[in-house]
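The structure appears below as structure tokens.
There are 2 protein chains.
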Amino acid sequence: MNKGLEQVTTIAEVRKRVSLAKQQGKRIGFVPTMGYLHAGHVSLVEKARQNCDFVVMSIFVNPLQFGPNEDFSRYPRDIEHDREVAGAAGVDLLFTPTVEEMYPSTVLTTVSVTQVSEPLCGKSRPGHFDGVATVVLKLFQIVQPDAAFFGQKDAQQLAVIQQMVRDLSVPVDIVPCPIKREKDGLAMSSRNVYLSAEEREQALILSRSLQQAQAELKPGALAREVRENIVRTIETQPLADIDYVEILQYPSLEPVTTLQKGQQVIVALAVRFGHTRLIDNEIVTI
Amino acid sequence: MNKGLEQVTTIAEVRKRVSLAKQQGKRIGFVPTMGYLHAGHVSLVEKARQNCDFVVMSIFVNPLQFGPNEDFSRYPRDIEHDREVAGAAGVDLLFTPTVEEMYPSTVLTTVSVTQVSEPLCGKSRPGHFDGVATVVLKLFQIVQPDAAFFGQKDAQQLAVIQQMVRDLSVPVDIVPCPIKREKDGLAMSSRNVYLSAEEREQALILSRSLQQAQAELKPGALAREVRENIVRTIETQPLADIDYVEILQYPSLEPVTTLQKGQQVIVALAVRFGHTRLIDNEIVTI
């Protein structure tokens with residue numbers, strides 16, 4: 008049982024606590040986050056608690072995965088709130104390192120995953136997935152968990168991490184967890200806090216367009232046509248500025264033309280509302 | 008004590024054996040090699056046995072670290088001989104995976120270390136150190152050793168691995184081991200077997216030129232002048248075809264001009280004799 012949350016800030020302390028838990032025969036679950044926790048993160052912790060005996064959560068806004076014009080410095084942070092949420096969710100150990108603890112000197116090492124990291128967000132955010140792969144691998148080396156839990160909201164991130172873990176034989180089970188949504192369908196995201204009331208209202212078109220598309224995702228359908236219908240639906244909202252809408256094979260993220268029975272595809276989209284870029288997706292077996 | 012050598016070929020088997028040894032409280036030492044073992048490798052095993060309770064050696068000629076015109080296919084292999092040498096040296100577990108076991112599908116993940124991997128062999132062998140960093144990290148994930156042992160013969164490789172381990176917080180102690188030389192001074196290398204009698208004779212100039220240089224490596228000396236003297240010495244041998252001779256700071260591999268007291272520098276060289284490219288170096292504190 009969870010005896011209450013402990014918070015540590017150094018690599019040495021995490022390792023000490025995890026090593027002790029392992030000596031007690033506990034299976035270690037790991038939930039890496041950038042904080043500003045919401046019910047999506049809580050669902051990852053719940054899954055980790057079902058699967059493991061000791062749950063470590065990291066909160067680290069990783070500068071390596073933000074581009075020069077992205078929202079690293081204004082990314083929302085609220086560690087007091089996060090500690091409460093993490094404790095209530097049943098996290099055993101909260102790891103909140105500073106940037107200096109994680110990167111005490113210039114990082115010369117980069118982990119890159121080609122192909123899966125190239126379409127979708129990889130196009131709009133060059134270098135983003137290198138930053139993700141590098142920090143996730145480093146966190147895995149620090150925490151040395153048995154299993155790690157990732158939301159399917161970041162479906163491409165999940166595909167990149169799964170590929171990295173397979174290629175490098177990283178001894179961590181990667182457990183995908185379904186997207187959590189607000190009651191009205193908006194996919195939960197720490198960035199939703201940026202939205203004005205009007206943007207928030209119009210952003211509902213994302214989940215709605217994905218839902219509408221589901222009926223069209225049938226054997227024999229042309230991915231291009233389904234995609235165009237989604238684009239048209241999103242464009243009914245004047246504040247929506249589409250970055251991409253794509254239908255690809257999942258998890259390889261290779262192109263798809265005519266949908267085939269049994270094929271697994273992802274319908275993925277990224278849309279800006281004002282300064283806020285939101286992503287959403289559905290993974291569907293045809 | 009060493010109860011005799013066991014050989015395994017799969018990732019699952021290595022993990023099982025290592026996990027058992029860890030449960031018995033043993034400290035795991037790891038010696039990654041490309042086989043065709045010589046006294047240099049044996050010295051790594053000896054160091055590992057002093058430092059650890061259970062020694063794993065891998066033999067894997069890693070295709071990722073060979074360029075298209077390099078000697079991957081003709082790299083010398085003799086697993087029967089290697090098994091004997093490893094057993095006599097006191098290796099507990101020999102891991103000899105096939106290429107298919109290590110890379111069952113196309114590897115999309117690459118680990119790159121900038122700066123330290125760029126000069127010296129990085130210039131002559133583009134992509135080489137990406138291949139080295141990637142396979143070493145993968146082997147570390149497979150074996151999960153407490154310590155790993157590398158020869159200073161491959162000084163740049165060692166610097167790249169040390170940087171990678173630091174940047175990614177890989178939980179493995181990297182232990183450098185001194186170069187082993189034949190009685191006449193030639194640095195031991197699996198590639199020495201390629202040399203004709205005449206090439207072998209002329210190749211002695213490498214260690215001799217490094218030894219001569221030692222007397223000149225004093226505070227106030229100009230690295231450029233010491234380097235030129237080494238080049239002149241090597242060029243006395245007609246079969247010697249210089250790839251590079253460099254003096255750099257170690258382990259950063261940054262340029263150096265006037266040598267300063269207390270500075271650690273490497274004198275590194277790569278020279279071809281016929282089709283055989285040999286490397287040698289001396290690391291000196293001024």
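Keeping their order, the protein sequence lines are chains E and F.
Counting in the numbering used here, the first sequence runs from 8 upward without gaps.
Counting in the numbering used here, the second sequence runs from 8 upward without gaps.
Each residue gets a CB set at the ideal place from its N, CA and C atoms; glycine is no exception.
Name the chain E residues whose beta carbon is nearer than 7 Å to that of residue i?
| i | result |
| --- | --- |
| F/LEU115 | VAL120, THR121, GLN122, VAL123, GLN170, ASP174 |
| F/LYS145 | LEU175, SER176 |
Could you tell me which residues DSSP puts in a beta bridge with residue i?
| i | result |
| --- | --- |
| E/GLU158 | Before going further, note that residue 158 of chain E is Gly rather than Glu in the sequence given. According to DSSP, E/GLY158 bridges with E/CYS184. |
| F/MET62 | The amino acid at residue 62 of chain F is misidentified as Met; the sequence shows Val. Per DSSP, F/GLY36. |
| F/SER119 | E/THR117 |
| E/ARG279 | E/ASP248, E/ARG284 |
| E/PRO178 | Answer is none; E/PRO178 lacks a bridge partner. |
| E/PRO262 | E/LEU255 |
| E/LEU229 | E/THR265 |
| E/GLN295 | Outside the displayed span of chain E (8 to 293) sits residue 295 of chain E, for which this structure offers no information. |
Along chain F, which residues have their Cβ under 7 Å away from the Cβ of residue i?
| i | result |
| --- | --- |
| E/ALA149 | Correcting the residue type first, residue 149 of chain E is Ile in the shown sequence and not Ala. Those within 7 Å of E/ILE149 in chain F are SER176. |
Could you give the residue range of the beta strand (DSSP E) that holds residue i?
| i | result |
| --- | --- |
| F/GLY36 | 35 to 40 |
| E/ASN288 | 283 to 292 |
| E/LEU255 | 247 to 256 |
| F/PHE102 | 100 to 102 |
| F/GLU13 | 13 to 15 |
Check for me: the alpha helix (DSSP H) holding residue i runs from which residue to which?
| i | result |
| --- | --- |
| F/VAL25 | 18 to 30 |
| E/VAL68 | Counting along the chain, E/VAL68 falls outside any alpha helix (DSSP H), and DSSP gives it neither H nor E. |
| F/MET195 | First-last for F/MET195: undefined, no H or E at that position. |
| E/VAL106 | 106 to 109 |
| E/SER80 | Counting along the chain, E/SER80 falls outside any alpha helix (DSSP H), and DSSP gives it neither H nor E. |
| E/THR141 | 135 to 150 |
| F/SER216 | 211 to 221 |
| E/HIS88 | 86 to 96 |
| E/GLY129 | 128 to 131 |
TODO: Take every Cβ of the region 158 to 166 of chain E, pair it with every Cβ of the region 118 to 128 of chain E, and state whether three or more of those distances are shorter than 8 Å.
DONE: Yes, the region 158 to 166 of chain E is in contact with the region 118 to 128 of chain E.
Open item on the list: If contact is defined by three or more beta carbon pairs under 8 Å, each pair taking one atom from either stretch, is the region 44 to 53 of chain E in contact with the region 81 to 93 of chain E?
Closed with: Counting Cβ pairs under 8 Å, three or more are found: they touch.
- [ ] State whether the region 112 to 124 of chain E contacts the region 136 to 151 of chain E, with contact taken as three or more CB pairs (one from each stretch) at a distance under 8 Å.
- [x] They touch, by the three-pair rule.
- [ ] Below 9 Å between beta carbons is the criterion; list the residues of the region 10 to 23 of chain F that meet it against any residue of chain E, in chain order.
- [x] When CB distances to chain E are screened at a threshold of 9 Å, the residues of the region 10 to 23 of chain F falling below it are ILE18, ARG22, in chain order.
- [ ] Say whether the region 247 to 260 of chain E touches the region 25 to 34 of chain F, bearing in mind that this needs 3 or more beta-carbon pairs closer than 8 Å, one atom from each stretch.
- [x] Contact fails: fewer than three Cβ-Cβ distances are below 8 Å.
Open item on the list: Would you call the region 61 to 74 of chain F in contact with the region 100 to 107 of chain F, where contact means no fewer than 3 C-beta pairs closer than 8 Å?
Closed with: The region 61 to 74 of chain F is in contact with the region 100 to 107 of chain F.
Open item on the list: I'd like to know if the region 265 to 272 of chain F and the region 219 to 230 of chain F are in contact, where contact means that at least 3 CB-CB pairs between them fall below 8 Å.
Closed with: With the cut-off at 8 Å, the region 265 to 272 of chain F and the region 219 to 230 of chain F touch.
Open item on the list: Between the region 207 to 214 of chain F and the region 176 to 183 of chain E, can you find at least three pairs of beta-carbon atoms closer than 8 Å?
Closed with: A contact is defined here as three or more CB-CB pairs under 8 Å, and the region 176 to 183 of chain E fails this definition with respect to the region 207 to 214 of chain F.
- [ ] Please confirm if the region 232 to 243 of chain E is in contact with the region 201 to 208 of chain E, defined as three or more CB-CB distances below 8 Å between the two stretches.
- [x] Flag = no, the region 232 to 243 of chain E and the region 201 to 208 of chain E do not touch.
Task: Stretch pair the region 185 to 200 of chain F + the region 256 to 267 of chain F: three plus CB contacts closer than 8 Å - done: A contact is defined here as three or more CB-CB pairs under 8 Å, and the region 185 to 200 of chain F fails this definition with respect to the region 256 to 267 of chain F.
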